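*Asks:* Have a look at the structure that comes next, please.
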Amino acid sequence: MLTTIACIGQHVGEEVKLGCWVYNKRSSGKIQFLQLRDGSGFIQGVVVKAEVSEKTWEQASQLTQESSLYITGVVRADERSPSGYELTVTGIEIIQITHDYPISLKEHGVDFLMDHRHLWLRSPRQRAVMAIRSEIIRAVNEFFQENGFYKVDPPILTPTSAEGTTNLFHTKYFDEDAYLSQSGQLYMEAAAMALGRVYSFGPTFRAEKSKTRRHLIEFWMIEPEMAFVDHEENLRIQENFVTHIVQSVLKNCQSELKVLGRDTSKLEQVCTPFPRITYDDAIRLLQEKGHEIKWGDDFGAPDETAIAEHYDKPVFITKYPTEIKAFYMKPDPERPEVVLCADLIAPEGYGEIIGGSQRIDDPKLLEQRFQEHQLSEEAYKWYMDLRTYGTVPHSGFGLGLERTVAWICGLDHVRETIPFPRMLYRLYP
Ligand code: 4AD
Ligand code: MG
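Mapping to the numbering used here: the sequence shown position 8 is 8, numbers consecutive.
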């Protein structure tokens, strides 16, 4: 039976067998050092000429970068090695000798690596990012399942838009027009009226012609929606949620964070409550810093970074002008020119990771918004029904998975946060 590098610590002193690839190799004439990887981790295999058969020594000599093999060896604890263990090789069974692996261990340009994304994923750094992404996904599901939420899956093919019409992906649905989902929110509101507290976790699509380090065309969003939850409670749930994710990664991904060289002291500061600043105060702060911005403008990435610089933790910017936010957001009863919403801005310049709000529950006001935003009442009739039949106060939010991965891993571009990024002008591989 095969074991894995991740579990090898349970077999110190025993002979084990691994299925693996050669990541790197060096030789000193009488000893060959094989850097092996099996997906679960990396380990050094030591082949000593005097201790193995001639055949095994020959096989080891043939191995090249990314050759695939089964290897047997005795596990030794070794404090000097990064994994804590080493394998004294006793036997080799070659599956394939690889020739001309395109990604050498020297530096390559980003375009070259992106063209070879299917192979680039094997590198220690990319493996670490994918392992942390997986841990974040696990922690997301754990948080909601432990807090009484049901997972609901909204459709991906939709007849209308949820977040404005400018960046919709159009497709044909037989004779009808259809769009790839920008957000499952409107459907999640229907689900919240059926199940109380729900969350979705799925791909979303935005044909955004912006080539920035924070935008993907296809990204994954986590969208909770909660009946009888107001703006205040919405923010409390968000800060508990984000803190749970960060703490889970700190607890379970120390070796991956080390591979990435992430300064974890910054992540360790993430605990509830998160600071809050109103949109009004944020505008004033930016004006004092000399940014060209006035009340009514939306924030650009440099504005968000300047605000985030004031805090060690993620910061909520609350109550944006009604005019620049989505049609479904509930106005502040005391100041209808702003809405009961918040964007959560990650520290260290990673930008907005959450957008959320309390939703309009008054059927009359929603109808008025449909008119102001020139939305077809027929197309949104089902959504109106949610206000006609037992409307209640409710709130929700959307967390962008890739931006969260970028922040927690300390990556300066979202292209490394998803296995196969879809970006402006990149659809391969
Ligand atoms: O702020 P957004 O547009 O909010 C919504 O879609 C709401 N309907 C969510 C809700 O209340 N249920 O998007 C939410 C988050 C952003 O904060 C950001 O993290 C991420 O989705 N996001 C993107 N991530 C990568 N690439 C893009 N093009 C993104 N657009 C949004
Ligand atoms: Mg937003």
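We treat Cβ as the ideally placed atom computed from N, Cα and C, and that holds for glycine.
Small disclaimer: the values here were computed from a predicted structure and weren't measured.
Report the CB separation of tyrosine 383 from leucine 186 in whole angstroms; it is logged as a contact under 8 Å.
*Replies:* Working through the sequence shown from its first residue, we reach residue 383 at position 383. Working through the sequence shown from its first residue, we reach residue 186 at position 186. About 5 Å separates the two Cβ atoms, so the contact holds.
*Asks:* For aspartate 332, which three-state DSSP category applies?
*Replies:* Within the sequence shown, residue 332 is the residue found at index 332, counting from 1. It is a strand residue.
*Asks:* Can you list, in chain order, the residues of its chain whose CB lies under 6 Å from that of glutamate 433, leaving out five sequence neighbours each side?
*Replies:* Residue 433 falls outside the range modelled here, since the chain spans only 1 to 429, and no answer is possible.
*Asks:* Taking leucine 69 as the reference, give the member of Asp230, His116, Arg80, Lys17 with the closest Cα.
*Replies:* One-based indexing of the sequence shown puts residue 69 at position 69. The residue with the shortest Cα to Cα distance from leucine 69 is Lys17.
*Asks:* Put asparagine 141 into one of helix, strand or coil per three-state DSSP.
*Replies:* As a working mapping, residue 141 is identified with position 141 in the sequence shown. Helix.
*Asks:* Would you identify the three-state DSSP class for phenylalanine 370, choosing helix, strand or coil?
*Replies:* The residue given as residue 370 occupies position 370 in the sequence shown. Three-state result, phenylalanine 370: helix.
*Asks:* Would you mind working out which of Glu93, Lys25, Trp57, Val47 sits nearest glutamate 66, comparing C-alpha positions?
*Replies:* The residue you call residue 66 lines up with position 66 of the sequence shown. If we check each option's Cα against that of glutamate 66, Lys25 comes out closest.
*Asks:* How far does the alpha helix (DSSP H) with isoleucine 283 in it reach, from first residue to last?
*Replies:* Residue mapping note: residue 283 aligns to position 283 of the sequence shown, counting from 1. Isoleucine 283 -> alpha helix (DSSP H) spans 279–288.
*Asks:* Does the beta carbon of isoleucine 353 come closer than 8 Å to any beta carbon on chain C?
*Replies:* In the displayed structure, chain C is absent; only one protein chain is listed.
*Asks:* Which runs of the alpha helix (DSSP H) fall wholly inside the region 294–356 and span at least 4 residues, in chain order?
*Replies:* Runs found: 301–308.
*Asks:* Using CA atoms only, rank isn't needed, just tell me which of Trp21, Gly19, Val47, Ile43 is closest to serine 27.
*Replies:* Looking up residue 27 in the sequence shown gives position 27. Among Trp21, Gly19, Val47, Ile43, the Cα nearest to that of serine 27 belongs to Val47.
*Asks:* Just to confirm the assignment, what range does the beta strand (DSSP E) spanning arginine 76 have?
*Replies:* As a first step, residue 76 must be located in the sequence shown, where it is residue number 76. Start and end: 68–77.
*Asks:* Between which two residues does the beta strand (DSSP E) carrying isoleucine 95 extend?
*Replies:* Taking the sequence shown and counting its residues from 1, one reaches residue 95 at position 95. Segment 85–96, the beta strand (DSSP E) holding isoleucine 95.
*Asks:* Our contact map puts glycine 184 next to glycine 196 with C-beta atoms below 8 Å; I'd like the distance itself, whole angstroms only.
*Replies:* Looking up residue 184 in the sequence shown gives position 184. Looking up residue 196 in the sequence shown gives position 196. Going by Cβ atoms, the distance from glycine 184 to glycine 196 rounds to 17 Å, so no, they are not a contact pair.
*Asks:* Check whether the Cβ atoms of glutamate 378 and glutamate 304 sit closer than 8 Å, and answer yes or no.
*Replies:* Looking up residue 378 in the sequence shown gives position 378. Looking up residue 304 in the sequence shown gives position 304. Their beta carbons are not under 8 Å apart, which means glutamate 378 does not touch glutamate 304 by this criterion.
*Asks:* What three-state label does DSSP hand phenylalanine 241 in the structure shown?
*Replies:* Translated into the one-based positions of the sequence shown, residue 241 becomes position 241. Helix, per DSSP.
*Asks:* Just to confirm my understanding: we take proline 429, look at its own chain, exclude 5 residues before and 5 after, and list those with CB closer than 7 Å. What are they?
*Replies:* In the sequence shown, counting from the first residue as 1, residue 429 sits at position 429. Arg117, His118, Phe420.
*Asks:* Are the beta-carbon atoms of isoleucine 136 and threonine 404 separated by less than 8 Å?
*Replies:* Your numbering for residue 136 matches position 136 in the sequence shown. Your numbering for residue 404 matches position 404 in the sequence shown. Cβ distance < 8 Å, so isoleucine 136 and threonine 404 count as in contact.
*Asks:* Do the region 405–420 and the region 364–381 make contact, defined as three or more Cβ pairs closer than 8 Å?
*Replies:* The answer is no - the region 364–381 does not touch the region 405–420, with fewer than three Cβ pairs under 8 Å.
*Asks:* Relative to the C-alpha of tyrosine 101, which candidate in Ala128, Gly91, Ser123, Arg80 has its C-alpha closest?
*Replies:* Reading the sequence shown from its first residue, position 101 is the one you call residue 101. Comparing Cα-Cα distances from tyrosine 101 to each of Ala128, Gly91, Ser123, Arg80, the minimum goes to Ser123.
*Asks:* Quick one, which of Trp407, Pro275, Gln371, Lys330 has its alpha-carbon nearest leucine 267's?
*Replies:* Working through the sequence shown from its first residue, we reach residue 267 at position 267. Comparing Cα-Cα distances from leucine 267 to each of Trp407, Pro275, Gln371, Lys330, the minimum goes to Trp407.
*Asks:* Who are the near neighbours of glycine 41 in its chain, counting only those whose CB is closer than 7 Å to its CB and skipping five residues on each side?
*Replies:* Position 41 of the sequence shown, counted from the first residue, corresponds to residue 41. Answer for glycine 41: Ile5, Ala6, Ser83, listed in chain order.
*Asks:* Put asparagine 24 into one of helix, strand or coil per three-state DSSP.
*Replies:* In the sequence shown, counting from the first residue as 1, residue 24 sits at position 24. Correct three-state label for asparagine 24: strand.
*Asks:* If you measure from the CB of isoleucine 43, is any heavy atom of the ligand 4AD nearer than 7 Å?
*Replies:* Walking along the sequence shown from the start, residue 43 turns up at place 43. Not so, every heavy atom of the ligand 4AD lies at least 7 Å from the Cβ.
*Asks:* May I ask you to list the residues that DSSP assigns as paired with serine 183?
*Replies:* Reading the sequence shown from its first residue, position 183 is the one you call residue 183. Paired residues: none, contrary to the question.
*Asks:* Name, in chain order, the residues that DSSP records as bridge partners for phenylalanine 397.
*Replies:* Here the question's residue 397 lines up with position 397 in the sequence shown. Answer is Gly356, bridged to phenylalanine 397.
*Asks:* For the ligand MG, which residues count as neighbours when the test is a C-beta closer than 7 Å to any heavy atom?
*Replies:* Spelled out in chain order, the answer is Asp343, Glu352, Gly355.
*Asks:* Within the present structure, is the beta-carbon of alanine 190 separated from the nearest heavy atom of the ligand 4AD by less than 7 Å?
*Replies:* Numbered from its first residue, the sequence shown carries residue 190 at position 190. Checking every heavy atom of the ligand 4AD against the Cβ of alanine 190, none is found closer than 7 Å.
*Asks:* Which of the three DSSP states, helix, strand or coil, is assigned to arginine 262?
*Replies:* Counted from its first residue, the sequence shown places residue 262 at position 262. Of the three classes helix, strand and coil, the one that applies to arginine 262 here is coil, per DSSP.
*Asks:* Within the present structure, is the beta-carbon of histidine 215 separated from the nearest heavy atom of the ligand 4AD by less than 7 Å?
*Replies:* Here residue 215 is taken as the residue at index 215 of the sequence shown, counted from 1. Flag set: Cβ of histidine 215 near the ligand 4AD.
*Asks:* With distances taken Cα to Cα, identify the nearest neighbour of serine 210 among Leu257, Pro275, Gly300.
*Replies:* On the sequence shown, position 210 is the one that residue 210 refers to. It is Gly300.
*Asks:* Which same chain residues end up closer than 6 Å to glutamate 58 when comparing Cβ atoms and leaving out the 5 residues on each side of it in sequence?
*Replies:* What you label residue 58 is simply residue 58 of the sequence shown in a count that begins at 1. Closer than 6 Å at Cβ, skipping near neighbours: no residue.
*Asks:* Taking the alpha carbon of tyrosine 320 as the reference point, which residue from Asp115, His231, Val339 has its own alpha carbon closest?
*Replies:* Residue mapping note: residue 320 aligns to position 320 of the sequence shown, counting from 1. Among Asp115, His231, Val339, the Cα nearest to that of tyrosine 320 is on Val339.
*Asks:* Counting only the same chain and skipping the five closest in sequence on each side, list residues whose C-beta sits under 6 Å from that of glutamine 32.
*Replies:* The residue labelled residue 32 in the question sits at position 32 within the sequence shown. Answer for glutamine 32: Val47, Ala60, listed in chain order.
*Asks:* In this structure, does DSSP put histidine 118 in helix, strand or coil?
*Replies:* By 1-based counting over the sequence shown, the position of residue 118 is 118. Looking at histidine 118 - three-state DSSP - the assignment turns out to be helix.
*Asks:* Would you mind sorting threonine 272 into buried or exposed? The rule is 16 or more other CB atoms within 10 Å of its CB.
*Replies:* Along the sequence shown, read from residue 1 onward, the residue named residue 272 stands at position 272. With fewer than 16 other Cβ atoms within 10 Å, it is exposed.
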